[in-house]
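Q: Which chain is which? The protein sequence lines are A and B, in order.
Here the first sequence stands for residues 46 to 356, numbered as in the working numbering.
Here the second sequence stands for residues 90 to 189, numbered as in the working numbering.
Just so it is clear, CB atoms sit at the ideal spot from N, CA and C, and this is done for glycine as well.
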Amino acid sequence: MAGFPPPIFTPQVDVKTKIGEKVDYSNLPCPLIYEELHREAYMSLKPELFEGFRFDYNKMVNEKFFVTHSVLMGPTEVPTQHSEVIKIPTASYDFGAIFVDPKLMLLGRVTTDGRLNARGKCDLTENFSIKGTAQLTNEEHMSQGQLTFDYKGSDYRTQLQVGNGSIYGANYIQHVTPHLSLGGEVFWIGQNRKSGVGYTARYETDKMCHQVASGQVSSNGLAVMNYVQKVTEKLSLATDFIYNYISKDVTASVGYDRMFKQSRLRGKIDSNGVVAAYLEEQLSAGLRLLLSAEVDHVKKDYKFGFGVNVS
Amino acid sequence: MAAKRIGAGKSGGGEPNILAKISNSEIVSQGRRTVGDAVGVSKKLLWSTGKAAWIAGTTFLILAVPLIIEMDREVQLNELELQQASLLGAPPSPVQMQRG
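1. Under the three-state reduction of DSSP, which class applies to Y248 (chain A): helix, strand or coil?
2. Using a Cβ-Cβ distance cut-off of 7 Å, determine whether L310 (chain A) contacts chain B.
3. Does any C-beta atom of chain B lie closer than 7 Å to the C-beta of L334 (chain A)?
4. Between S356 (chain A) and the rest of its own chain, which residues show a CB-CB distance below 6 Å, the 5 nearest in sequence each way excluded?
5. Any idea which residues DSSP pairs N162 (chain A) with across the strands?
6. With distances taken Cα to Cα, identify the nearest neighbour of R202 (chain A) among A:G229, A:H127, A:T113.
7. Indicate the three-state DSSP secondary structure (helix, strand or coil) for P105 (chain B) in the structure shown.
8. What are the boundary residues of the alpha helix (DSSP H) that includes E163 (chain B)?
9. Check whether the region 121 to 131 of chain A and the region 107 to 117 of chain B are in contact - that is, three or more C-beta pairs closer than 8 Å.
10. Give the range of the beta strand (DSSP E) segment to which R333 (chain A) is assigned.
11. Among residues of its own chain, excluding the 5 on either side of I107 (chain B), which ones have a beta-carbon nearer than 6 Å to its beta-carbon?
12. Once you ignore the five residues that flank F360 (chain A) on each side, which residues in its own chain have a CB closer than 6 Å to its CB?
13. Just to confirm, is the Cβ distance from E159 (chain B) to S89 (chain A) under 7 Å?
14. Closest Cβ-Cβ distance between I116 (chain B) and chain A: below 7 Å?
15. Is the Cβ of V276 (chain A) closer than 7 Å to any Cβ of chain B?
16. Do you know how far the Cα of P223 (chain A) is from the Cα of K63 (chain A)?
17. Kindly confirm or deny that the region 314 to 321 of chain A and the region 290 to 299 of chain A touch, where touching means at least three C-beta pairs closer than 8 Å.
18. Give me the DSSP bridge partner(s) of I314 (chain A).
19. Check K306 (chain A) in the structure and name its three-state DSSP category.
20. So is L82 (chain A) in contact with chain B if we call contact Cβ pairs under 7 Å?
21. CB L324 (chain A) to CB P155 (chain B), shorter than 7 Å?
22. Which word fits I78 (chain A), buried or exposed, when buried means at least 16 other C-beta atoms lie within 10 angstroms of its C-beta?
23. Shorter than 7 Å from the beta carbon of I158 (chain B) to some beta carbon of chain A?
24. Exposed or buried, which one is Y70 (chain A) when buried takes at least 16 other CB atoms within 10 Å?
25. Per DSSP, what are the beta-bridge partners of K132 (chain B) in this structure?
26. Per DSSP, what kind of secondary structure is N107 (chain A) in: helix, strand or coil?
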């Protein structure tokens, strides 16, 4: 499902002391993997590519309350058993509402497929916050919910996650030197009786994040390493290496992110033979044009999309 | 030493035409095979060059062409702004005063 509108609220990085520049560390053991540690790399390497036509309208009702309407018309992929992917044209309309307060953030989104996506974040005190997410669907047993408790210390952060279907996770990250931070996580999935451990490290040269190198290893077989460098203040290059030591799958990718005065262009090329580009252009005040292209030379799959974002 | 006998069987002298024909046909068949191989290899080379050119072309189109277009637009925008700044900074132009 298409992602949420770009985050205009609460950035996830806080600066406390000279030592304690922290980065939030979240790893959800569900199909959506969300890594804040690798945020700079994924900004260049994982743009929100889409296929078809997309129209988003964000309306500010109040300074705290936003309403979004979005329409997406295009083929969506339906995986079949023969490991072939079939594309079925679908059209959907989403309605979303966002409430932002310094201490409370609520987000809800409902689609014509009958799915409801809700998220809430509450800062109980300056150091402690609670986050909850829920995805409700029409189908049985496909609804998920998760609660996260965050505690922020002077140079460390720790998090505890509880999800339905008895999914438990905990993670901890600490700034070891002014540039290096290390962390680890454990999770346990009750349904499959699976448990796992993971370790992660992040090294950055200075606060402006001119160079960031980060890596992650986890016991479900994934080892990820990436490196981002801000070559000039408008151009940054990123590279990524993913190795699955259980299935012996290797992927490397290189991407660039170039900011212009009125637009932003991101491109990436992959070792799987995938070339992708994503352009956001500000046509006039409040009107943005989005163009997305993804060409897979190996599977001969071509996806192009265009969209308009009105705010 | 015994004279070399080209070909098998037929003793020399008797029928040189047929011997010649055989040797000719051996060489000719070899030559035909070589030419066939060369044509095959060059077809494959052309085909893979074509594929490589297609992949390189479409990749360039997707990665580099938007970048070039945007950079050109940026340069044009900067020039326009420079022009506007110099225009607005100067006193009202004599052309307009004449028209007015």
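A: Taking the geometry as given:
1. Here residue 248 (chain A) is taken as the residue at index 203 of the first sequence, counted from 1. Here Y248 (chain A) sits in strand by DSSP.
2. Walking along the first sequence from the start, residue 310 (chain A) turns up at place 265. Yes, because at least one Cβ of chain B sits closer than 7 Å to the Cβ of L310 (chain A).
3. As a first step, residue 334 (chain A) must be located in the first sequence, where it is residue number 289. L334 (chain A) does not count as touching chain B.
4. As a working note, residue 356 (chain A) is residue 311 in the first sequence. Closer than 6 Å at the Cβ level, and outside the excluded window around S356 (chain A), lie N103, G331.
5. If you number the first sequence from 1, residue 162 (chain A) lands on position 117. In the DSSP assignment, the residues bridged to N162 (chain A) are A:R154, A:Q180.
6. Here the question's residue 202 (chain A) lines up with position 157 in the first sequence. When C-alpha distances from R202 (chain A) are compared across A:G229, A:H127, A:T113, the shortest belongs to A:G229.
7. Position 16 of the second sequence, counted from the first residue, corresponds to residue 105 (chain B). Note: P105 (chain B) maps to helix in three-state DSSP.
8. Translated into the one-based positions of the second sequence, residue 163 (chain B) becomes position 74. That run of the alpha helix (DSSP H) goes 154 to 178.
9. Touching, no.
10. The residue labelled residue 333 (chain A) in the question sits at position 288 within the first sequence. From DSSP, the beta strand (DSSP E) with R333 (chain A) extends over 332 to 341.
11. Within the second sequence, residue 107 (chain B) is the residue found at index 18, counting from 1. Hits under 6 Å: none found.
12. This structure cannot settle anything about residue 360 (chain A), because the visible part of chain A is limited to 46 through 356.
13. Taking the first residue of the second sequence as 1, we reach residue 159 (chain B) at position 70. Taking the first residue of the first sequence as 1, we reach residue 89 (chain A) at position 44. In this structure, E159 (chain B) keeps its C-beta atom at 7 Å or more from the C-beta atom of S89 (chain A).
14. The residue given as residue 116 (chain B) occupies position 27 in the second sequence. By this cut-off, I116 (chain B) is not an interface position.
15. Walking along the first sequence from the start, residue 276 (chain A) turns up at place 231. It does not: the Cβ of V276 (chain A) has no partner Cβ on chain B nearer than 7 Å.
16. By one-based count along the first sequence, residue 63 (chain A) stands at place 18. By one-based count along the first sequence, residue 223 (chain A) stands at place 178. With a pLDDT of only 37 at K63 (chain A), under 50, the local geometry of the prediction cannot be trusted, and the value read off the model is given with reservation. About 7 Å.
17. Yes, they touch.
18. Here residue 314 (chain A) corresponds to residue number 269 of the first sequence, with the count starting at 1. For I314 (chain A), which the question treats as bridged, DSSP gives the partners A:V299, A:V320.
19. Numbered from 1 along the first sequence, position 261 holds the residue referred to as residue 306 (chain A). It is coil, neither helix nor strand.
20. Here residue 82 (chain A) corresponds to residue number 37 of the first sequence, with the count starting at 1. Any Cβ of chain B closer than 7 Å to the Cβ of L82 (chain A) would place that residue at the interface, and such an atom is absent.
21. Reading the first sequence from its first residue, position 279 is the one you call residue 324 (chain A). Reading the second sequence from its first residue, position 66 is the one you call residue 155 (chain B). Yes, they are a contact pair.
22. Within the first sequence, numbered from 1, the residue matching residue 78 (chain A) stands at position 33. Residue placement at I78 (chain A) is poorly supported in this model, since its pLDDT is 28, which falls under 50; the coordinates still yield a value, given next. The residue is exposed, with fewer than 16 neighbouring Cβ atoms inside 10 Å.
23. Counting from 1 along the second sequence, the entry for residue 158 (chain B) is found at position 69. Answer no: the Cβ-Cβ gap between I158 (chain B) and chain A never drops below 7 Å.
24. In the first sequence, counting from the first residue as 1, residue 70 (chain A) sits at position 25. In this prediction, Y70 (chain A) has a pLDDT of 45, which is less than 50 and means its spatial position is unreliable; nothing more can be read from the coordinates.
25. Taking the first residue of the second sequence as position 1, residue 132 (chain B) is located at position 43. DSSP lists no partner for K132 (chain B).
26. Here residue 107 (chain A) refers to the residue found at position 62 of the first sequence. Under the three-state reduction of DSSP, N107 (chain A) is assigned to coil, being neither helix nor strand.
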